[in-house]
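Take a look at the structure below.
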Amino acid sequence: MVGWEIDHNGVNQAMTNAQYSASVIATAAVLRQLGRDASYARGHRETSTSGKTDPSFIDLDSMRADVARQLAGSPPLDLTENDMKLIQSTNRGIALVGPGYFRQLSNNEEVTAAVALVGNPLIGNDRQFDLWRSIAYDGQVKAPSA
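Laid out in structure tokens, this is it:
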């Protein structure tokens, strides 16, 4: 079985489109590598022995259908270029940013997955990197296209 821990409080914070897209793409990639189909994707509420009820905000059968379409080469997601961007500078490294989201990428595997999701990074100097990161925290990524 494959599942992900998503930054979510389990009560009233729905996943963003970017989080959902990334989870479907990542789940399909892992299942493809393992030679398994979408039925192996599970949520806590389906496997928990301690009463976990998450994720309560999505239909897991629909999510598995999206994973199956991703595995079949028909991506179910309309992830627009403006949802997430990669940014990079010499001294800051590379990070994935989106509306209200920032994640510093720490290894080649993360970078490869992010490039597959959103395309090549915007490359700038450290000042531009800091500006792009601060814009993302404010809820919009306004970085120019590469």
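First residue of the sequence shown? That's 1 in the working numbering, and the numbers climb one at a time after it. All C-beta atoms, glycine included, are put in the ideal place defined by N, C-alpha and C. The model shown is predicted, which means the values in this text are computed figures rather than measured ones.
How is residue i classed by DSSP in three states: helix, strand or coil?
i	result
alanine 41	strand
alanine 163	Lying before the first or after the last residue shown, residue 163 is absent from the chain, which here runs from 1 to 146.
leucine 31	helix
serine 62	helix
isoleucine 153	Because the chain here runs from 1 to 146, residue 153 falls outside it and cannot be looked at.
serine 134	helix
glutamate 5	coil
leucine 117	helix
arginine 103	strand
Just to confirm my understanding: we take residue i, look at its own chain, exclude 5 residues before and 5 after, and list those with CB closer than 8 Å. What are they?
i	result
valine 115	Leu86 and Pro121
threonine 90	Asn125 and Asp126
leucine 31	Val2, Asp37, Ala38, Tyr40, Ala41, Val67 and Leu71
Please tell me whether, using a cut-off of 7 Å, the distance from the CB of residue i to the nearest non-hydrogen atom of the ligand MN is below it.
i	result
aspartate 37	The ligand MN is not part of the structure shown, which contains no ligands of any sort.
Taking 8 Å as the threshold (C-beta atoms), are residue j and residue i in contact?
i	j	result
alanine 113	glutamine 104	no
valine 24	methionine 84	no
glutamate 46	leucine 60	yes
alanine 29	leucine 117	no
Going by beta carbon distance, what residues of the same chain come within less than 6 Å of residue i, once the five residues before and after it are set aside?
i	result
arginine 92	Asp126 and Phe129
isoleucine 123	Gln88
Apart from the five residues just before and just after residue i, which ones in its own chain have a Cβ nearer than 7 Å to its Cβ?
i	result
glutamine 19	Ile6
- Can we say the stretch 26-38 touches the stretch 58-72, given the rule of at least three CB pairs closer than 8 Å? yes
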